[in-house]
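Student: I'd like to ask you about the structure that follows.
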Amino acid sequence: AQKITQTQPGMFVQEKEAVTLDCTYDTSDQSYGLFWYKQPSSGEMIFLIYQGSYDEQNATEGRYSLNFQKARKSANLVISASQLGDSAMYFCAMREGHGYSGAGSYQLTFGKGTKLSVIP
Amino acid sequence: ETGVTQTPRHLVMGMTNKKSLKCEQHLGHNAMYWYKQSAKKPLELMFVYNFKEQTENNSVPSRFSPECPNSSHLFLHLHTLQPEDSALYLCASSQDLGTGKEDTQYFGPGTRLTVL
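Protein chains in written order, with the working numbering: chain P, 2 to 121; chain B, 50 to 165.
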């Protein structure tokens, strides 16, 4: 079974509108971290936002917010006021592990990504 | 320079060549990673180094050989590659304390490798 599922291969959004990119995850760990990255056509993976499994509030970073629904195991990314520069691939990723057993064992598992296209 | 840098950005090599990819991080992190990103496949972790010690090797063929001389530098030595090894190779670094957001991995721009 996939650990990270992104069901939207591609999305379109009008400039200045908000868009939600879906991500569901599968883990039996109680402690885990969820990340969203943006990958423009240049290739670099740019970190956007982080949500810890014990965080009670949804994470926000500027125009990015994470709609975290723990019971549903979903961590959707919301981009408000879309800009042309937001056109890129977006990846959801998860790091499992409780953080106390030593460094080096916290692999990131990535989803297949969603290609977002912002229309002028 | 700041962040994570990778050289070269593009590389074309024949199957009998030997080449190396270089990664350098200026973030003071203690863990470094190599990932492979092929078309239409999720990002695959290849190797993890923490404090210069290799801690993960995800069943990577021996034609890929990593080297980590110090916490700031990571190399991927390539030899007798196959055409299916053509991909974007991404390097990342992190604090790897396992404490949450502080353990975020930061990526370099990648090396786009083509094997002929």
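Using N, Cα and C, we set each Cβ at its ideal position, and we do this for glycine too.
What does the alpha-carbon distance come out to for the pair Leu76 of chain B and Asn119 of chain B?
Tutor: Rounded to whole angstroms, Leu76 of chain B to Asn119 of chain B spans 13 Å at the Cα level.
Student: How big is the Cα-Cα spacing for Ser122 of chain P and Tyr55 of chain P?
Tutor: The structure shown has nothing for residue 122 of chain P, since chain P only spans 2 to 121.
Student: Can you tell me whether Gly34 of chain P is helix, strand or coil according to DSSP?
Tutor: strand
Student: Spatial neighbours of Ser114 of chain B within its chain, please: CB distance less than 7 Å, with the 5 preceding and 5 following residues excluded, ordered by chain position.
Tutor: Around Ser114 of chain B: His126.
Student: At a Cβ threshold of 8 Å, is Glu1 of chain P touching chain B?
Tutor: The structure shown does not extend to residue 1 of chain P, since chain P is modelled only from 2 to 121, so the question has no answer here.
Student: Counting only Cβ pairs nearer than 8 Å, list the residues of chain B close to Tyr51 of chain P.
Tutor: Gly149, Lys150 and Thr153
Student: Does DSSP put Gly86 of chain P in a helix, in a strand, or in coil?
Tutor: Helix.
Student: Mind checking who Leu166 of chain B pairs with in its DSSP beta bridge?
Tutor: Nothing about residue 166 of chain B can be read from this structure; chain B reaches only from 50 to 165.
Student: Mind listing the chain P neighbours of Arg161 of chain B? Cutoff is C-beta to C-beta under 8 Å, in chain order.
Tutor: Taking a Cβ-Cβ threshold of 8 Å, the residues of chain P close to Arg161 of chain B are Gly44, in chain order.
Student: Run the CB neighbour count on Leu85 of chain P, radius 10 Å, all protein chains shown included, and call it buried at 16 or more, exposed below.
Tutor: exposed
Student: Short of 7 Å Cβ to Cβ, which residues in the stretch 132-146 of chain B face chain P?
Tutor: Leu137, Leu139, Asp145 and Leu146
Student: Let me check understanding here. Comparing Cα to Cα, which of B:Val53, B:Gln55 and B:Leu60 lies closest to Ala136 of chain B?
Tutor: B:Leu60
Student: With a threshold of 8 Å between beta carbons, is Pro110 of chain B in contact with chain P?
Tutor: no
Student: Between the alpha carbons of Leu22 of chain P and Ser118 of chain P, how many angstroms are there, rounded?
Tutor: 12 Å
Student: For the stretch 60-76 of chain P, list every residue whose C-beta sits within 8 Å of some C-beta in chain C, in sequence order.
Tutor: The structure shown contains no chain C; the protein chains it does contain are P and B.
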